[in-house]
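**Q**
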Amino acid sequence: MLSQDTLEISADKISIAIAPQDNEIKAIEICQLLRRLKNNDLMELNENIAQAADMINKLTRDHTADVVSDIVIAQAKDASLSVDITNEDMKAVITINAPWGGNAVRAKDLTHFIKLQGINAGILSESFPGHLKAAEKLKPGQTYQFDAALGQPAVHGDNSQFKILISTMEERELKPQQRGNGKVDMHDLGEVATVAANTPLIERIPPTLGTEGVTVLGKPLPAVAGESIDFPTTDGTEVSKDNNNLLVSSLEGIPRLHQGSIAINDVLKVKNVDIGFGNIDYKGNVIVKGDVCEGMTVKSQGDITIGGCVNSATLIAGGNIIVEQGIFGKKRSEDESLTCHVEALGTVNAQYMQYAKVVAGINVQAQTQLLHCAVTASDSVIVANKALTKGTIFGGTVEAKHKISCIDLGGNAGSKTVLSLTANLDTVRESIESHQSTLNKEFPVLQQLIAAHDKVNTLNSAEQKQLLNKLKRNIDKKVAIIVDLKKKMATANQQIQAEQDAMSIVAKQTLYDGVKITMDAQESQTLQQYKAIKITLVHGAVTIAPLKDA
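Next comes the structure, spelled out in structure tokens:
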């Protein structure tokens with residue numbers, strides 16, 4: 001058995017004497033001898049250890065064998081450094097390999113090594129002392145990695161930014177105003193926002209140049225300067241003659257949002273629409289400061305804004321309709337039709353609506369009530385105030401494309417409440433049926449062509465090649481037609497699924513029993529009362545689930 005007496009130990013190496021033993025040894029016995037030494041951090045030299053074992057065994061077998069007197073089997077090794085430059089030269093990661101009884105990495109060693117690698121930017125030198133201290137705790141053979149340098153990415157310039165300087169009609173909150181005596185006037189919901197000519201509307205903030213970046217190797221990364229963007233062209237606006245970064249109104253009117261900008265429409269202002277004033281049919285926007293009285297009609301190719309109520313009257317707008325108080329009518333006894341009719345290509349918005357027919361090209365919005373109305377919206381119907389404490393849909397019919405949302409839906413008074421969400425998918429389904437019909441005709445033809453091709457392929461005639469080519473061209477045409485039909489059918493089915501996924505009915509507080517619901521021709525009726533629910537189509541079925549995000 002090997003003895004420690006065979007070892008010659010110094011501060012930087014350990015040698016083993018090549019001497020005969022009682023029995024042959026293995027290299028692992030030399031390793032075990034080294035590992036029994038106290039405070040030995042030197043690196044074992046595996047090749048030398050194997051060579052030493054071979055020589056000792058050779059001498060054990062033949063005491064006259066020609067071998068060296070000793071071999072170094074462990075020696076000191078200083079800590080070493082390596083670097084990995086990654087992320088397109090934007091990051092330098094240093095690896096410290098712990099010493100084997102040798103010297104640790106010093107700060108000047110690290111700095112010199114980094115310089116030799118060509119790293120000259122983004123150096124995180126302030127963190128080096130902490131990393132070197134952590135590396136000193138490593139055991140021999142262990143490694144320690146850290147970020148030594150980080151490049152600075154280029155910051156591209158911003159394009160022109162636009163800052164809206166005024167409030168638009170869409171942003172206005174219908175809120176009762178306080179009188180001079182401190183009392184609240186429930187009929188006064190604030191002034192209608194209008195602007196005079198040459199009023200600043202939008203400020204253009206010039207583009208920025210950006211900031212140049214640099215890699216850890218010092219290579220500059222150029223920044224792309226932002227672009228100067230022109231003001232969008234909108235009605236009733238112009239660039240200021242005094243400041244080309246300012247968009248101003250060119251006429252008096254109502255400011256409204258339009259495709260990310262502001263447009264100004266000319267305005268007709270009247271106090272009330274009654275029998276003393278007559279009906280209105282106007283090209284521009286209309287503002288009625290008071291009421292539209294029973295039997296009167298207001299038509300506008302733009303927006304209609306009513307400061308008071310609409311009572312059994314007719315409003316027709318090419319834009320939006322905003323009624324600061326209520327829209328209400330009554331049922332005619334002879335045919336149960338409604339005496340109030342409000343229709344807009346845009347959105348209809350009022351505090352409340354009762355016994356009215358309301359049609360909107362976009363949304364219908366009421367802030368407190370939608371009672372016994374016949375409502376149709378091309379997108380959504382929303383009934384709720386800002387605090388989400390009021391908003392009832394009760395009685396009548398409500399039809400929208402994607403969404404109906406309120407606080408309370410239905411009621412206990414016995415009137416029927418009928419809701420319908422329809423994405424008008426009949427045309428899409430008809431196209432699928434048409435494609436399927438065509439597919440049913442084309443596929444047998446393809447099979448016949450393939451059969452003919454296979455039959456001709458067995459013949460041996462001069463015309464065979466020409467006929468085969470003709471059949472192959474016809475087969476390719478049919479395959480292309482069938483593939484195109486299947487793609488169109490898949491796209492149509494995806495469209496149907498997307499429209500169904502967009503459908504929802506929300507009651508943020510209560511859904512009462514007896515509400516009839518139709519979603520894309522799927523019908524259901526509530527048989528009990530629910531709290532805070534969302535109704536969707538799940539696998540083609542009307543499904544009521546708890547409202548997770550109220």
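My numbering applies: residue 1 is where the sequence shown begins, and numbers increase by one. Even for Gly, the Cβ is constructed at its ideal location relative to N, Cα and C.
Can you tell me the Cα-Cα spacing of F146 and A98, whole angstroms?
**A** For this step, residue 146 is matched to residue 146 along the sequence shown. For this step, residue 98 is matched to residue 98 along the sequence shown. When rounded, the distance between both Cα atoms is 14 Å.
**Q** In three-state terms, what does DSSP make of L547?
**A** As a first step, residue 547 is located in the sequence shown; it is residue number 547 there, counting from the start. Of the three classes helix, strand and coil, the one that applies to L547 here is coil, per DSSP.
**Q** Give a yes or no on contact between the region 205 to 216 and the region 230 to 241, applying the rule of three or more CB pairs nearer than 8 Å.
**A** no
**Q** Here's the rule: buried if 16 or more other CB atoms are within 10 angstroms of the residue's CB, otherwise exposed. What is K455?
**A** Working through the sequence shown from its first residue, we reach residue 455 at position 455. The residue is exposed, with fewer than 16 neighbouring Cβ atoms inside 10 Å.
**Q** Do K13 and Q51 count as a contact pair if the criterion is CB distance below 8 Å?
**A** Residue numbering aside, residue 51 sits at position 51 when the sequence shown is read from its first letter. Residue numbering aside, residue 13 sits at position 13 when the sequence shown is read from its first letter. Going by C-beta atoms, Q51 is not nearer than 8 Å to K13.
**Q** Is it buried or exposed, I404, if we count other Cβ atoms within 10 angstroms and call 16 or more buried?
**A** Residue mapping note: residue 404 aligns to position 404 of the sequence shown, counting from 1. I404 should be labelled buried.
**Q** So, are the CB atoms of V248 and G122 less than 8 Å apart?
**A** Within the sequence shown, the letter at position 248 stands for residue 248. Within the sequence shown, the letter at position 122 stands for residue 122. Taking 8 Å as the Cβ cut-off, V248 and G122 do not qualify as a contacting pair.
**Q** Hey, could you find the ends of the beta strand (DSSP E) P222 is sitting in?
**A** The count along the sequence shown starts at 1 and reaches residue 222 at position 222. Segment: none, P222 is in no beta strand (DSSP E) and carries neither H nor E.
**Q** Distance, Cα to Cα, D54 vs S69?
**A** Translated into positions along the sequence shown, residue 54 becomes position 54. Translated into positions along the sequence shown, residue 69 becomes position 69. Counting only the Cα atoms, S69 lies some 13 Å from D54.
**Q** Could you tell me if L116 is buried or exposed, where buried requires 16 or more neighbouring beta carbons within 10 angstroms of its beta carbon?
**A** For this step, residue 116 is matched to residue 116 along the sequence shown. Exposed: under 16 other Cβ atoms inside 10 Å.
**Q** Looking at the structure shown, is N363 part of a helix, part of a strand, or coil, going by DSSP?
**A** Along the sequence shown, one-based indexing puts residue 363 at 363. Residue state, collapsed to three classes: strand.
**Q** Would the beta-carbon of V359 fall within 8 Å of that of V310?
**A** Locating residue 359 in the sequence shown gives position 359, counting from the first residue. Locating residue 310 in the sequence shown gives position 310, counting from the first residue. Going by C-beta atoms, V359 is not nearer than 8 Å to V310.
**Q** Using the C-alpha atoms, what's the distance from G318 back to L246?
**A** The residue given as residue 246 occupies position 246 in the sequence shown. The residue given as residue 318 occupies position 318 in the sequence shown. About 29 Å.
**Q** The beta strand (DSSP E) spanning I496 covers which residue range?
**A** Here the question's residue 496 lines up with position 496 in the sequence shown. Looking at the DSSP string, I496 is not in any beta strand (DSSP E); the run it does join, the alpha helix (DSSP H), is 464 to 501.
**Q** Throw me the rounded Cβ distance for the D379 and A366 pair, which I believe falls under 8 Å.
**A** The residue labelled residue 379 in the question sits at position 379 within the sequence shown. The residue labelled residue 366 in the question sits at position 366 within the sequence shown. Not quite, the Cβ-Cβ distance comes to about 15 Å (not below 8 Å), so this is no contact.
**Q** Where does the unbroken beta strand (DSSP E) through G326 begin, and where does it stop?
**A** Here residue 326 corresponds to residue number 326 of the sequence shown, with the count starting at 1. Note, G326: beta strand (DSSP E), 321 to 328.
**Q** So K299 is in the beta strand (DSSP E); what residue range does that whole segment cover?
**A** For the purposes of this step, residue 299 is taken as residue 299 along the sequence shown, with counting starting at 1. Per DSSP, K299 belongs to the beta strand (DSSP E) from 297 to 300.
**Q** Hey, would you say A315 sits closer than 8 Å to V292, going by beta carbons?
**A** Numbered from 1 along the sequence shown, position 315 holds the residue referred to as residue 315. Numbered from 1 along the sequence shown, position 292 holds the residue referred to as residue 292. Position check: residue 315 holds Leu in this sequence, whereas Ala was assumed. A distance below 8 Å separates the beta carbons of L315 and V292.
**Q** Enumerate in chain order the residues of its own chain whose CB-to-CB distance from K26 is below 7 Å, with the five nearest sequence positions on each side excluded.
**A** Stepping through the sequence shown from its first residue, residue 26 is reached at position 26. If you ignore the 5 residues before and after K26, its C-beta comes within less than 7 Å of the C-beta of A53, all in its own chain and listed in chain order.
**Q** When you compare the region 149 to 161 with the region 249 to 261, are there three or more beta-carbon pairs, one atom per stretch, that lie closer than 8 Å?
**A** In short, these stretches do not touch, since the Cβ pair count stays below three.
**Q** So, is D89 buried or exposed, given that buried needs 16 or more other C-beta atoms within 10 angstroms?
**A** Numbered from its first residue, the sequence shown carries residue 89 at position 89. Result: buried.
**Q** To test your reading of the DSSP string, which unbroken beta strand (DSSP E) runs of 3 or more residues are found completely within the region 103 to 184?
**A** With a minimum length of 3 residues, the continuous beta strand (DSSP E) runs that stay inside the region 103 to 184 are 143 to 150, 161 to 164.
**Q** Would you tell me roughly how many angstroms separate the C-alpha atoms of A135 and D84, rounded to the nearest one?
**A** Against the sequence shown, residue 135 aligns to sequence position 135. Against the sequence shown, residue 84 aligns to sequence position 84. Taking the straight line from one Cα to the other gives about 18 Å.
**Q** Tell me the residue span of the alpha helix (DSSP H) that contains A53.
**A** Counting from 1 along the sequence shown, the entry for residue 53 is found at position 53. For A53, the uninterrupted alpha helix (DSSP H) segment begins and ends at 46 to 61.
**Q** Give the C-beta separation of I264 and D235 to the nearest angstrom, bearing in mind that I take them to be a contact with Cβ-Cβ under 8 Å.
**A** Stepping through the sequence shown from its first residue, residue 264 is reached at position 264. Stepping through the sequence shown from its first residue, residue 235 is reached at position 235. Contact flag correct, Cβ pair sits at about 7 Å.
**Q** According to DSSP, what are the bridge partners of R256?
**A** What you label residue 256 is simply residue 256 of the sequence shown in a count that begins at 1. Its beta-bridge partners are A263.
**Q** When the Cα of S250 is compared with those of G276, D230, V216, A196, which residue comes out closest?
**A** Stepping through the sequence shown from its first residue, residue 250 is reached at position 250. Restricting attention to G276, D230, V216, A196, the CA atom closest to the CA of S250 is found in A196.
**Q** Can at least three beta-carbon pairs, one atom from the region 466 to 484 and one from the region 369 to 379, be found at a separation below 8 Å?
**A** no
**Q** Candidates A502, L485, L221, E203: which alpha carbon is nearest F231's?
**A** Mapped onto the sequence shown, residue 231 falls at position 231. Of the listed residues, the one whose Cα sits closest to F231 is E203.
**Q** Would you please state the rounded distance, in angstroms, between the beta carbons of L34 and I73? I believe it to be under 8 Å.
**A** Position 34 of the sequence shown, counted from the first residue, corresponds to residue 34. Position 73 of the sequence shown, counted from the first residue, corresponds to residue 73. About 7 Å separates the two Cβ atoms, so the contact holds.
**Q** Quick check: the region 377 to 397 against the region 479 to 486, are there 3 or more CB pairs under 8 Å?
**A** The region 377 to 397 is not in contact with the region 479 to 486.
**Q** From L439 to A452, what distance separates their C-alpha atoms?
**A** Taking the sequence shown and counting its residues from 1, the one referred to as residue 439 is at position 439. Taking the sequence shown and counting its residues from 1, the one referred to as residue 452 is at position 452. Taking the straight line joining both Cα atoms gives about 20 Å.
**Q** Should the region 433 to 449 be called in touch with the region 482 to 497, which here means at least 3 C-beta pairs below 8 Å?
**A** yes
**Q** Let's test the definition: count the other Cβ atoms within 10 Å of the Cβ of V298 and tell me whether it reaches 16, buried, or not, exposed.
**A** The residue you call residue 298 lines up with position 298 of the sequence shown. When all chains shown are included, V298 counts as buried.
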